[in-house]
Structures are given as structure tokens and as C-alpha cells.
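Please read the structure below before turning to the comments.
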Amino acid sequence: MNEPEFALLTEKYLDGTLTPVERRELVEFLLAHRDRQHDFAEQVRQHLRLTAQMRPCDRAEARKTAEIILDVIEKESLPASRVRPPVITEPTFRETIRAVWHGLRAPRDSGEYKFARFMLWRLCGPGPLAVGLSLLLIFLLINFVVEERNRPPDEGITVILRDTPEVVPGAEALTENLPNIPIERPTLEPTVDSKLTDPSTAGALADTESLSTPVPDKDDSVSPAIGMSPRLNPSTRILAHVAPGRTGPGRQDALRKYDAPPGLEKAVLKALYWLKEQQRPDGAWDGTDRAAMTGLALLTFLAHGETPSSGEFGGTVERAIRYLLGIQRPDGSFSANEYAHAIAVTAIGEASAMTRIMILGEATDRGLGVILRGQQDSGGYDYGYGKGGRSDTSVTGWQLQAMKSAVLAGNTDTRLAASINRGVDFLKRQAWALDGSGFVYASIPGQSAGAGGTWSMTAVGSLCLSLLAHQEQGGLIRQSLKRLELSYPPWDAADQKKPVYSWYYATQAKFHAGGHDWSEWNHHFARDLMTSQKADGHWEGGDHDSGSHVYTTTLSTLMLEVYYRYLPSYAWNSKGGWARRIYRPR
Amino acid sequence: MTDEELDELVAQVQAGDSDAFTELVYAIRKELRIFISAHAYSADMVEEVLQATLVVCYEKIHKYELRGTFLCWVKGIARNLNFKELSSRSRYLNAKDDFLDRLVLDSALETFGGAQDRAEEWVERLKVCIGKLPADSRAMIEKRYFENMSIRTLAQVLEKPESWTAVNLYRIREILRKCMMGEVAK
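Which chain is which? The protein sequence lines are A and B, in order.
Plus 63 on top of the position in the first sequence (first one is 1) and you've got my numbering.
Plus 88 on top of the position in the second sequence (first one is 1) and you've got my numbering.
Next comes the structure, spelled out in C-alpha cells:
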């Protein structure tokens with residue numbers, strides 16, 4: 064393409080008269096000659112400038128332009144009232160419902176009827192139905208979550224289901240630095256349940272307090288480092304079906320049902336507060352053996368329905384559990400002392416049963432392994448889990464309680480049932496004195512005790528048989544209970560220590576027996592205990608007490624909690640399985 | 089029309105006189121068109137931007153303060169609208185099918201707003217440069233643009249071949265462009 068041709072095509076482009084062929088030629092030329100592209104663009108722009116410069120502008124054209132502009136502006140600024148209403152308007156929801164209502168009553172071949180059917184289909188069709196169901200589901204979910212969060216602690220025992228590390232590194236150091244925050248104890252005023260109108264029970268129940276334990280503030284002393292705060296995990300489960308008597312309402316029912324003396328719940332709470340204040344920063348309690356003291360203290364809190372999720376004592380329970388888990392050795396033992404180990408297994412097993420925390424179940428199983436391995440062929444136990452043939456009824460009693468706790472914790476070890484049976488056999492065949500004086504303290508292997516039964520060992524044997532034996536041992540249980548009726552060590556004798564140990568067993572055994580055994584014992588034991596309770600809530604002067612008073616206080620408290628402590632029990636039946644058995648006084 | 093005269097018209101428009109607005113349009117229309125053409129890429133675009141500028145001018149005229157700078161004020165509006173229009177059209181032009189338009193548009197955008205942008209000054213000088221053209225060349229330009237003749241019509245009027253007419257117009261525009269740049273340089 065030469066110069067004149069390029070100039071001519073450019074002019075035609077400016078005039079808008081390029082044919083397609085000419086346009087293509089021009090484009091190809093410019094694509095091939097990039098140096099001319101700039102010239103072409105400048106020619107076009109210069110053409111526009113010249114057009115603007117040379118174009119005439121008359122007044123008529125200016126007037127026309129102004130009119131157009133004013134017209135455009137006037138239309139844009141037209142008020143809404145002057146805007147023509149739309150031809151078709153959307154009916155309101157009320158109008159639609161009204162039209163549907165009238166349409167359904169119109170003849171079936173009418174337009175109104177068809178419109179009503181169509182609108183009903185739209186309103187109840189898959190789309191609106193799905194949206195409605197989704198909203199309903201969300202509403203129910205929100206309602207459930209809000210209800211769970213607002214549920215007061217007394218309505219049930221809430222627990223956390225999660226795995227927790229056994230020991231958090233540095234937790235002890237952190238907890239030791241926690242300030243000692245004094246917690247104000249709630250004032251508990253007894254009130255009479257006015258709804259009870261039965262004249263036969265009104266007199267007795269008039270003195271029975273209907274305590275509603277105030278919902279205390281959250282335990283501020285829980286260390287964040289421990290990381291087991293119930294607030295961290297909203298997943299809770301009500302375990303009223305596992306421990307109905309340990310829930311708030313269940314406790315009140317049990318106190319009334321089993322004729323608890325007035326002021327009992329107040330005494331228990333005072334003891335719990337005292338124990339809480341005595342807890343060490345690492346979660347343990349001082350005493351002869353910290354594992355044993357911690358296990359006993361934990362049992363007192365668990366018996367009151369306190370779990371790591373509880374408001375006032377949740378932190379205390381949590382630290383106690385963590386301490387025990389932390390001291391458990393690889394072989395499963397909590398302590399070298401056979402008493403302490405059995406008590407710790409009992410406490411952890413009970414905590415597992417109440418909370419279903421998986422790690423507690425595992426700890427119970429490991430602890431139980433030590434007990435199963437330490438049992439002698441006779442079914443009894445000796446100090447240090449010795450296998451020398453000597454069996455000790457006292458030692459055996461705690462091991463059997465631990466076995467019962469493991470059952471409640473859901474232990475599935477096949478050896479457990481056999482061990483329990485051997486333990487029961489030991490009590491029946493070797494520990495029971497032939498002269499009917501009760502259970503003996505220690506037995507000689509392979510021989511039945513001829514005489515020497517003691518009140519305390521009889522109490523131990525009675526409870527263990529009540530907890531574990533099946534109906535075939537009913538006669539022996541009755542004999543042992545009869546032996547307990549003959550005499551009992553006084554609680555507050557001037558010249559001797561308080562018989563905490565024997566009373567602890569006897570109280571439970573008599574509660575399980577019920578009837579006359581229980582009513583007579585119930586007539587005085589709680590009052591004796593409450594009378595001797597110190598103002599700050601503790602007891603002292605018990606046998607085997609090392610001076611910390613924790614031992615005496617925990618066993619005394621467990622006695623007072625007997626009314627509602629017991630979990631549903633399971634007995635080994637003759638058909639080879641565990642049958643649920645709920646103890647009630649006969 | 090002087091700046092003071094323009095302000096008098098603006099004051100009347102601000103008072104609600106629509107006839108004054110017609111006078112105002114007549115007064116500024118040509119200068120605005122020349123101003124817009126400095127960066128335009130097509131005649132259609134010049135007219136559209138001019139129309140939009142006048143609409144905005146009328147809508148915002150109550151904000152203008154009578155200080156003798158009305159034309160600068162309107163050119164500011166035109167400049168913003170011009171750039172918006174160039175940017176908008178740039179997004180819709182296909183590189184292959186509108187290659188010729190794209191060349192012009194890119195050229196316009198290239199010179200817009202930068203430190204080297206003196207197109208608006210050049211276009212102010214165009215009238216002077218046209219006056220410096222030889223008589224026959226100026227006559228050709230007047231016929232082409234003032235009388236709005238096509239290349240074919242102009243060739244017929246001049247009784248010359250279209251190619252000859254086209255080459256001469258091409259050269260005159262180039263001379264004018266160089267003149268504009270030279271005038272600015274002086």
C-alpha cells in the first residue's frame with residue numbers, strides 16, 4: 064500500500080465510508096507497519112480537533128441542546144407522586160390470604176379457586192416447607208442449647224465427657240501460687256414442706272429440713288492451668304439415672320424418705336466447706352497417706368453429687384481427681400499401701416461411674432488390676448498384697464468395696480466376677496467365727512475362725528456382703544446384723560477415740576438392711592455425729608486419725624451422706640450375670 | 089464572551105432563568121467541544137461527553153461561586169467525564185475487530201493526564217495555526233470541516249482525484265499538528 068492509498072483509506076475511515084475489504088486492508092497494513100499506527104491515530108485525533116474547531120455553532124442548535132438538557136433533568140427530578148403507578152401491583156400477604164380464603168369457597172371451575180390452590184401449593188410447596196422445617200430445627204437447637212446452659216446445678220449432675228491429660232506440666236506450680244480466696248458459706252435455713260399433709264408422716268417430717276442448696280458462685284480457685292473447667296466444654300450429660308439420690312431433688316427426697324434428722328444437710332455442707340479449705344494446692348489432702356485421704360475426701364464430695372461440673376465444689380473435685388490420676392503408677396497402683404490403693408480405686412471408680420469420663424474408667428481398670436492380682440487363693444487380702452496365706456478382713460473389706468466401685472464404673476474384666484465370688488467365700492467360710500461372735504479381724508489360711516469376732520469387723524463383713532453377695536448369703540447377713548445390734552461402741556466416750564472406722568461400716572450396712580436395724584441406728588447415729596461436729600465443720604478424735612482430722616471428717620461425712628449416697632447396686636446372681644439391685648430399707 | 093459576562097448568565101440560571109441557560113450553552117458549547125476533542129477518539133464521543141457535561145453543569149450550577157472561573161469549572165466537569173468515557177469504552181473494545189478504534193483510543197488514553205499531556209494546550213492553539221496555512225490549504229480545510237464535506241465530495245469540488253485530495257488533507261493535518269506543538273514550544 065502506497066502513501067496515497069493509505070491517505071485515502073484514512074479519509075474514508077474518518078468519513079465512515081470504509082468498505083469491509085478496505086477496512087481489512089487498512090488493518091493489515093497497520094499491523095504490518097507499526098510505525099504508521101501512531102500516524103494513523105494522530106491523523107484521526109487531529110481530524111476530531113479540526114472538526115470541533117471548524118464546526119459552526121448557531122443559536123438554534125444551542126437552544127435545542129438546552130431544551131434537551133432541561134427536559135432530561137426535569138424527568139429525572141419528577142416527584143414520586145407524579146410517577147405513573149405500575150399497571151400490575153403485587154398483593155400484600157394479607158390480601159393473598161384473604162384471596163385464598165375466598166377462592167377455596169368459590170366454585171371449582173372458577174379462577175378464584177384455581178388461584179387459591181396455586182397459592183396454597185406455593186405456600187406449602189417443597190421450598191417453603193424446607194425453609195420452615197429448617198427454621199424450626201434451628202429454633203429447637205437454640206432452645207436446647209440455651210436450656211442446657213441455664214440448667215441449675217441442683218437439677219442434675221452435669222459432667223464433661225472428654226479425655227483429659229493426666230497431669231498438666233506446671234499445673235502444680237501454678238496452683239500453688241493461687242490466692243487463697245475466702246468463700247462465704249451460704250446460710251442454710253431449714254424450711255418445712257407445707258405440701259406434706261399426711262398426718263402419719265407430718266409429725267416426723269415437720270422437723271425434716273427441706274434444704275435447697277443455694278447455687279453458689281463458680282469456684283474461683285480453679286486453676287486455668289488445670290484445664291478441666293466445666294465451662295470449657297459445654298457437652299454435659301445428666302446422670303440422674305445413675306445416681307438419682309445424689310442430685311439436688313433426689314437428695315431432698317432421700318432425706319425425707321429415710322427420716323434424716325433436721326440439720327443434717329447443713330452439717331454435711333459445713334464439712335464439705337471445711338474439706339475444701341483443707342485441700343492442698345496439688346489437689347491432695349494431708350494425713351497418714353495422701354492417696355487414702357484424697358480418695359476418702361473425693362468420695363465425700365461425690366456422695367453429695369459433686370462432680371467437676373459443679374459450681375461450688377467442681378474445682379475441688381477436679382483437683383482431687385487430677386491428683387489421684389497423677390500419682391497412679393505405671394503398674395496401676397495409687398499407693399504402696401493396700402488400704403490407700405483400694406480407697407483411691409473406689410473413689411476414681413465412683414467418679415467414673417458418675418461422670419463417664421473415659422480416662423477415669425481406664426484408671427479404675429488399671430487400679431483394679433492390682434487388686435485382682437493381689438487376691439489370695441482364699442479370696443482374702445493381706446497387708447502389702449502379700450501372698451503368705453494370712454488374710455485380713457479389714458484389708459479385704461476395702462478391696463471388695465473397690466471391686467464394687469469398678470463394677471459401677473463399667474469394668475468388663477472377666478476375672479472380676481470370680482474375684483468377687485472368692486471374696487464373698489472368704490468372708491463366709493473363713494472370716495465368720497464359728498461361735499457366732501461375728502467376723503474376725505484376721506484368719507488363718509484354710510481354717511474357719513473359731514471365735515473372736517469383733518464389732519468393727521462384723522460391720523465390715525456385713526457391708527461387703529450387702530454390697531456384693533447374692534441372695535444365698537442373706538442368712539449370714541442377717542446374723543451379722545444381729546450381732547451388730549447386741550452392742551456398739553459409743554461415739555463420744557471420754558476415755559477412747561471415736562469409733563469412726565466401725566461406725567462407717569455399720570451405718571452403711573444397717574442402711575442397706577433397712578427396717579428395724581436402720582430405724583434404731585438412725586435414731587441416734589446422725590445426731591451423735593452432728594453434736595460432735597466442730598463449728599468449722601470438721602470432726603476430730605477419731606480412731607486412726609493422724610491429726611489432720613481429714614480421716615475422721617471424711618468418714619463422718621460419708622456416714623451422714625448415707626441417706627442419698629448409694630448408687631444403684633448390682634448383685635452377682637446365680638444365673639451368671641449382674642442384676643440391678645436398688646437397696647431400700649426393708 | 090468574557091468571564092464576567094459568563095458569571096452574569098450563571099447568576100440568572102441560578103435564579104431559575106431557563107432562557108439564560110440556553111444563552112449559556114450557546115456561549116460555552118464551542119469551547120467545550122474543542123476542549124473535549126483534545127482527548128476524544130471519535131466524533132460521537134465528543135458529542136456524548138459534551139451533552140453529559142452540560143447536564144451536570146446545570147444540575148450543579150447552584151454550587152458554582154461567581155468568581156469569573158465558570159469556564160474552568162465546566163472544563164473540570166468535562167475532563168472527568170471524558171476520562172470516564174475513555175475508560176469505559178476501553179473495556180468494551182475488542183482488540184481485533186475494533187483494531188482501528190483501539191489504536192485511536194489507546195493514543196487518547198496515553199496522552200491523558202500525564203505530565204506530557206499538552207493536548208489541551210495544543211488544541212487551544214489550533215485556530216492560530218489554521219490562520220497560518222496557505223490560502224488553498226486553508227480553503228481545503230474549511231470545505232472539509234466547516235462545510236462538512238466528505239473526501240469524495242471535496243475531490244469532486246476540487247476536481248482532483250480522491251487520492252490526491254486525501255494525501256493533501258493528510259499533509260495539512262500533519263502540518264497543523266506540528267504547528268500546534270511548535271506554538272506550544274514557543
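Glycine included, every Cβ here is placed at the ideal spot set by N, Cα and C.
- With a minimum length of 4 residues, the unbroken runs of alpha helix (DSSP H) contained wholly in the region 548-636 of chain A fall at 563-576, 578-595, 613-623, 625-628.
- Check the Cα spacing between M133 of chain B and each of B:E173, B:D189, B:H150: the tightest is with B:E173.
- For W164 of chain A, the secondary structure class from DSSP, reduced to helix, strand or coil, is helix.
- About 5 angstroms separates the beta carbons of S125 of chain B and R112 of chain A, which is inside the 8 angstroms limit, making them a contact pair.
- Pairing A572 of chain A with L526 of chain A gives a Cβ-Cβ distance under 8 angstroms.
- Between S565 of chain A and S500 of chain A, the CB-CB gap reaches or exceeds 8 angstroms.
- Note that the C-beta distance between L214 of chain B and Q116 of chain A is below 8 angstroms.
- The CB of E230 of chain B comes closer than 8 angstroms to the CB of M117 in chain A, given here in chain order.
- In the DSSP assignment, the residues bridged to D455 of chain A are A:A505.
- Ranked by Cα distance from T456 of chain A, the options A:M466, A:F502, A:T427 are led by A:F502.
- In this structure, L621 of chain A and Y567 of chain A form a Cβ contact; the two beta carbons are roughly 6 angstroms apart against a cut-off of 8 angstroms.
- Boundaries of the alpha helix (DSSP H) around Q244 of chain B: 239-246.
- Residue contact check for L159 of chain B against chain A: no CB pair falls below 8 angstroms.
- DSSP places P222 of chain B outside any alpha helix (DSSP H), giving it a letter other than H or E.
- In this structure, the CA atom of D316 of chain A is about 21 angstroms from the CA atom of H579 of chain A.
- W495 of chain A is bridged by DSSP to A:F502.
- Under the three-state reduction of DSSP, L154 of chain B is assigned to coil, being neither helix nor strand.
- Between S238 of chain B and T73 of chain A, the gap from beta carbon to beta carbon reaches 8 angstroms or more.
- Taking C-beta atoms under 8 angstroms as the contact rule, L242 of chain B and T253 of chain B qualify, at a distance of about 6 angstroms.
- In the three-state reduction of the DSSP assignment, S125 of chain B falls in the helix class, which pools H, G and I.
- For I420 of chain A, the three-state secondary structure derived from DSSP is coil.
- Straight through space, the alpha carbons of D488 of chain A and V433 of chain A are spaced by roughly 20 angstroms.
- Inclusion of H575 of chain A and S543 of chain A in the CB contact set at 8 angstroms is not warranted, their separation being larger than that value.
- Judged by their CB atoms, L423 of chain A and A469 of chain A are not nearer to each other than the 8 angstroms cut-off.
- Assigned with DSSP and collapsed to three states, L388 of chain A falls in helix.
- For R259 of chain B, the closest C-alpha among the options A:E66, A:V523, A:E603 is that of A:E66.
- Judged by pairs of C-beta atoms under 8 angstroms, the region 447-456 of chain A does not touch the region 469-485 of chain A, as fewer than three such pairs exist.
- Distance from the Cα of L547 of chain A is smallest, within the candidate group A:P553, A:P83, A:Q559, A:A522, for A:A522.
- The beta-carbon of F156 of chain A is placed no less than 8 angstroms from the nearest beta-carbon of chain B.
- In this structure, M64 of chain A sits away from F103 of chain A, with a CB-CB distance that is not shorter than 8 angstroms.
- DSSP places S175 of chain B in the helix class (H, G or I) of the three-state scheme.
- Taking C-beta separations shorter than 8 angstroms and ignoring five residues to either side along the sequence, the partners of G516 of chain A in its chain run W495, A496, D498, G499, S500, G501, F502, V503, R546, following chain order.
- Proximity to E381 of chain A across A:E158, A:Q342, A:G447 peaks at A:Q342, based on C-alpha coordinates.
- Contacts between L94 of chain B and chain A, judged by CB atoms closer than 8 angstroms, are missing: the closest CB pair is about 14 angstroms apart.
- Check the Cα spacing between W184 of chain A and each of A:V163, A:G412, A:E211, A:L199: the tightest is with A:V163.
- Under the DSSP assignment, W184 of chain A falls in the alpha helix (DSSP H) whose first and last residues are 174-187.
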